[in-house]
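Numbering (the working numbering), first residue to last: 52 to 571.
Structure record follows, encoded as structure tokens.
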Amino acid sequence: MYFPASIQQQCDDLTQLLGSECLPICFSESYGPFGGASEHQFAALGVDITEATAMVERCRKQKKFQLSESASDSIFFAIPLVHPEDENWFAIGVMRDLPRSAVERLVSTSFAASRRQVLIESQDQILLDAESELFRSNSERQWLRQLNFQRIDRKRGAHLPKQALETLRNIIDAEAIAISLYQDTETERHGLESTISGRPNWHLDDIRLLLQRVAKPSLGDTVILNSRETPLPLAQLKSCIIVPLGVPEPIGFIVALNRRRHAGGIASASAPEFNYRDGQLLHDAAGYLLVDGHSNVLFQESEKLVLGMLRTMSHAIEARDPYTFGHSERVGRVAYEIAARLQLSEVACQEIYVAGVLHDIGKIGIPDQVLLKAGKLDPDELRIIQQHPEIGHKILEEFDKLKFALPGVLYHHERVDGGGYPHGLKGDNIPLMARILAVSDAYDAMTSSRVYRNAMGQERAIEILQNGIGTQWDERAVRACIEYVNEANLVLASGGAETAHIGAQGEWLQLSNALRILQL
């Protein structure tokens, strides 16, 4: 016969305290006429069933232990046990060869000790449950904080719903948790895809088969299945939660599988099964993933739009002058490398890179007879070409998201000795972005072919940069540029693939990455 663990434990404790076996019985209809015990067990104890029944009845009424009223050497006893849902549990037994007064004191002491032990264990469980609840509540807060950080970082390429699922899996203590979409083509519309996080023996095919076998919830509802033994192709289902994913119609489901024994990361026997609170967390996750996925789709569309606009603007210049094809992209890449060696932040490096891509946008407004002239420009033509920084500045002023690039576009032809244009700024009055772009622009111009001259060698270009330190260019920017060029040459000499400038591979990949980091 099965007895609740707490009842059996109380009987074991009483047996140890009294030195006499205690038999648990429950005088209720569900446990039969002998309270879950057998006639053989009563006989083995030497307990008269009629007398035991009378003692238990007195225990029930008086709620304290009872001793038999017989005057024999054997004294029967009945002790009420503690059970939160049933007051019909008792321990019965017999003690022999002891005076009644001694038996009464021993039973009384054991009864009190047993009650205290139950109270201590109950309080311990309350503390354990409270600790588990605090741990879980803190985990939920951490999870929500993580979701917020992921939402912020999404535009930086950190759209990682699987990480959110893994954290949630640990909070509700499931073997696995999965997103299962009706069709993976929904990824293009909702920014989501079918995925699974957890033990490697679980597979998405198991999830799909499970969803075919069970009644699926409608929007807003939850299906909780516990105490199951359902074989699947690669795993064994014991319990699960299923919540719908999608608005206004479900596009799929989030499924948590097999509750583990230790709920919330702390051993607790009070939560061995999935419950409503677990389901509510899955609904919260479904809402977050929908919003995050939709935002990711919008961002990707926005990124494509901005990237396309920047490429179009850059190509519009280069299409007019084939000899400058790729110049803006290369200037941006070298400028990025210079900024990185000056230990600027990643965001600042990416801003300088984008400014490099756009630095010559103002040349759109320069007439062909000036822009494409093969020979030396006369003074009037020189004044016209020197207007391109201000023209570019006016163009970019119309784009709020690109205003960070304005200093580089406007001042990249200034000189540190004050002899540059358009405003004749000097030294540190020239924004650092512009000083970096001036070096990058000059280096690429010298090492690229033009209609009026051939490209010069890198050694000669480096020599000119060094000679111009303190007059035309910023010393730190020149040193960083030379350091980068030397490093790039070492990579090429060793058979590596330099992609930032020398070799010029992966065109626009860096620009796409920059748009994510700068959240454009």
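In this text, a Cβ means the ideal position worked out from N, Cα and C, and glycines have one as well.
**OP:** Specify whether the segment 215-235 and the segment 249-258 touch according to this definition: at least 3 beta carbon pairs, one from each stretch, less than 8 Å apart.
**Re:** yes
Original post:
Going by C-alpha distance, which of Asn-505, Ile-76, Met-507, Arg-486 is nearest Ala-531?
Top reply: For the purposes of this step, residue 531 is taken as the residue at position 480 of the sequence shown. Ranking Asn-505, Ile-76, Met-507, Arg-486 by Cα distance to Ala-531 puts Arg-486 first.
**OP:** Given a cut-off of 8 Å, decide if Ile-275 and Ile-292 are closer than it, judged by their beta-carbon atoms.
**Re:** Position 241 of the sequence shown, counted from the start, is the residue given in the question as residue 292. Position 224 of the sequence shown, counted from the start, is the residue given in the question as residue 275. Taking 8 Å as the Cβ cut-off, Ile-292 and Ile-275 qualify as a contacting pair.
Original post:
Do you know how far the Cα of Ala-512 is from the Cα of Thr-498?
Top reply: To locate residue 498, count along the sequence shown from 1; it is residue 447. To locate residue 512, count along the sequence shown from 1; it is residue 461. Distance between the alpha carbons of Thr-498 and Ala-512: 7 Å.
**OP:** Ignore the nearest five residues each way along the sequence and tell me which others in Val-529's own chain have a CB closer than 6 Å to its CB.
**Re:** Looking up residue 529 in the sequence shown gives position 478. Val-490, Leu-516, Ile-520.
Subject >> Cβ neighbour criterion (16 or more within 10 Å) applied to Ile-58 >> reply: Your numbering for residue 58 matches position 7 in the sequence shown. By the 10 Å Cβ count, Ile-58 comes out buried.
**OP:** Measure the alpha-carbon distance for Cys-110 versus Ala-142 and round it to whole angstroms.
**Re:** In the sequence shown, the residue the question calls residue 110 occupies position 59. In the sequence shown, the residue the question calls residue 142 occupies position 91. Rounded to whole angstroms, Cys-110 to Ala-142 spans 10 Å at the Cα level.
Subject >> Extent of the continuous alpha helix (DSSP H) run through Ile-100 >> reply: One-based indexing of the sequence shown puts residue 100 at position 49. From DSSP, the alpha helix (DSSP H) with Ile-100 extends over 100-113.
Subject >> Backbone CA spacing between Phe-54 and Pro-301 [nearest angstrom] >> reply: If you number the sequence shown from 1, residue 54 lands on position 3. If you number the sequence shown from 1, residue 301 lands on position 250. Note on geometry: alpha-carbon atoms of Phe-54 and Pro-301 lie some 45 Å from one another.
**OP:** Out of Lys-267, Leu-270, Phe-325, point me to the one whose CA is closest to Asn-277's CA.
**Re:** What you label residue 277 is simply residue 226 of the sequence shown in a count that begins at 1. Asn-277 has its Cα closest to that of Phe-325, out of Lys-267, Leu-270, Phe-325.
Subject >> Length of the line joining the Cα atoms of Arg-156 and Ala-336 >> reply: Along the sequence shown, read from residue 1 onward, the residue named residue 156 stands at position 105. Along the sequence shown, read from residue 1 onward, the residue named residue 336 stands at position 285. Arg-156 and Ala-336 have their C-alpha atoms spaced approximately 60 Å apart.
Original post:
Could you give the distance in angstroms between the alpha-carbon of Gln-117 and the alpha-carbon of Leu-149?
Top reply: Numbered from its first residue, the sequence shown carries residue 117 at position 66. Numbered from its first residue, the sequence shown carries residue 149 at position 98. Spanning the two alpha carbons is a distance of roughly 16 Å.
Original post:
Skipping 5 residues on each side, what residues in its chain have a beta carbon closer than 7 Å to that of Ala-320?
Top reply: The residue labelled residue 320 in the question sits at position 269 within the sequence shown. Confidence at Ala-320 is low in this model, with a pLDDT of 40, below 50, so the placement of that residue is unreliable and no value is reported for it.
Original post:
With C-beta atoms as the reference, is Ile-435 less than 8 Å away from Ile-417?
Top reply: By one-based count along the sequence shown, residue 435 stands at place 384. By one-based count along the sequence shown, residue 417 stands at place 366. Yes, the Cβ-Cβ distance between Ile-435 and Ile-417 is below 8 Å.
**OP:** Helix, strand or coil for Ile-130, going by three-state DSSP, please let me know.
**Re:** Locating residue 130 in the sequence shown gives position 79, where the first residue counts as 1. Reduced to three states, the DSSP call for Ile-130 is strand.
Original post:
For Pro-581, which of helix, strand or coil comes out of DSSP?
Top reply: Not covered by the structure: residue 581. The range shown for the chain is 52 to 571.
**OP:** Return helix, strand or coil for Cys-73, following the three-state DSSP convention.
**Re:** To locate residue 73, count along the sequence shown from 1; it is residue 22. The answer is coil: DSSP assigns Cys-73 none of H, G, I, E or B.
Subject >> Presumed contact (8 Å Cβ cut-off) between Leu-270 and Ala-307, rounded CB distance >> reply: Position 219 of the sequence shown, counted from the first residue, corresponds to residue 270. Position 256 of the sequence shown, counted from the first residue, corresponds to residue 307. About 18 Å separates the two Cβ atoms, so there is no contact after all.
**OP:** Take Glu-534 and list the residues in its own chain whose beta-carbon comes closer than 7 Å to its own, dropping the five residues that flank it on each side.
**Re:** If you number the sequence shown from 1, residue 534 lands on position 483. Same-chain partners within the cutoff: Arg-392.
Original post:
Is DSSP giving Ile-417 helix, strand or coil here?
Top reply: Translated into positions along the sequence shown, residue 417 becomes position 366. Of the three classes helix, strand and coil, the one that applies to Ile-417 here is coil, per DSSP.
**OP:** Mind reading off the beta-carbon distance from Gly-242 to His-345? Whole number of angstroms is fine, and I expect it under 8 Å.
**Re:** Translated into positions along the sequence shown, residue 242 becomes position 191. Translated into positions along the sequence shown, residue 345 becomes position 294. By a beta-carbon distance limit of 8 Å, Gly-242 contacts His-345. Their separation comes to about 6 Å.
Subject >> C-beta atoms of Val-467 and Ala-406 nearer than 8 Å >> reply: Stepping through the sequence shown from its first residue, residue 467 is reached at position 416. Stepping through the sequence shown from its first residue, residue 406 is reached at position 355. Cβ atoms of Val-467 and Ala-406: not closer than 8 Å.
Subject >> Contact set for Phe-127: own chain, Cβ-Cβ below 8 Å, skip 5 residues either direction >> reply: Within the sequence shown, residue 127 is the residue found at index 76, counting from 1. For Phe-127, where only same-chain residues beyond five positions count, the Cβ hits under 8 Å are Val-98, Asp-99, Glu-102, Ala-103, Met-106, Leu-118, Ser-119, Ser-121, Ile-143, Gly-144, Val-145.
Subject >> For Val-357, the nearest candidate out of Asp-175, Leu-409, Gln-509, Leu-219 (CA to CA) >> reply: On the sequence shown, position 306 is the one that residue 357 refers to. In this structure, Leu-409 is the residue among Asp-175, Leu-409, Gln-509, Leu-219 with its C-alpha nearest to the C-alpha of Val-357.
**OP:** Determine the extent of the beta strand (DSSP E) in which Glu-226 is found, giving its start and end residues.
**Re:** Counted from its first residue, the sequence shown places residue 226 at position 175. Start and end: 225-232.
**OP:** Would you list the one or two residues that DSSP bridges to Met-146?
**Re:** Position 95 of the sequence shown, counted from the first residue, corresponds to residue 146. Per DSSP, Ile-126.
Original post:
What residue from Asp-419, Val-385, Gly-478, Ile-403 has the CA that sits closest to Val-536's CA?
Top reply: Stepping through the sequence shown from its first residue, residue 536 is reached at position 485. The candidate whose alpha carbon is nearest that of Val-536 is Val-385.
**OP:** Compare the Cα-Cα distances from Cys-17 to each of Gly-413, Leu-68, Trp-140 and report the closest residue.
**Re:** There is simply no residue 17 to check, as the chain begins at 52 and stops at 571 in what is shown.
Original post:
If you draw a straight line from the alpha carbon of Asn-221 to that of Leu-288, how long is it in whole angstroms?
Top reply: Position 170 of the sequence shown, counted from the start, is the residue given in the question as residue 221. Position 237 of the sequence shown, counted from the start, is the residue given in the question as residue 288. Spanning the two alpha carbons is a distance of roughly 18 Å.
Subject >> Neighbourhood of Ala-164 by C-beta distance below 7 Å, restricted to the same chain and skipping five residues each side >> reply: On the sequence shown, position 113 is the one that residue 164 refers to. Within the same chain, Ala-164 has close Cβ partners Leu-68.
Subject >> Between the CA atoms of Glu-510 and Leu-594 - distance to the nearest angstrom >> reply: There is simply no residue 594 to check, as the chain begins at 52 and stops at 571 in what is shown.
**OP:** Quick one: using the 10 Å Cβ neighbour count with 16 as the cut-off for buried, is Leu-361 buried or exposed?
**Re:** Translated into the one-based positions of the sequence shown, residue 361 becomes position 310. Sixteen is the threshold: when 16 or more other Cβ atoms of the shown chains lie within 10 Å of the Cβ of Leu-361, as they do, the residue is buried.
**OP:** Rounded to whole angstroms, what's the CA-CA distance from Arg-381 to Ser-365? Just pull it up for me.
**Re:** Reading the sequence shown from its first residue, position 330 is the one you call residue 381. Reading the sequence shown from its first residue, position 314 is the one you call residue 365. Straight-line Cα distance between these residues: approximately 12 Å.
**OP:** Kindly list the residues whose CB is nearer than 6 Å to the CB of Leu-395, restricted to its own chain and excluding five residues on each side of it in sequence; keep chain order.
**Re:** Start at 1 with the first residue of the sequence shown, and residue 395 comes out as number 344. Nothing listed; no residue qualifies.
Original post:
Roughly how many angstroms separate the alpha carbons of Thr-281 and Trp-253, rounded to a whole number?
Top reply: By 1-based counting over the sequence shown, the position of residue 281 is 230. By 1-based counting over the sequence shown, the position of residue 253 is 202. Taking the straight line joining both Cα atoms gives about 14 Å.
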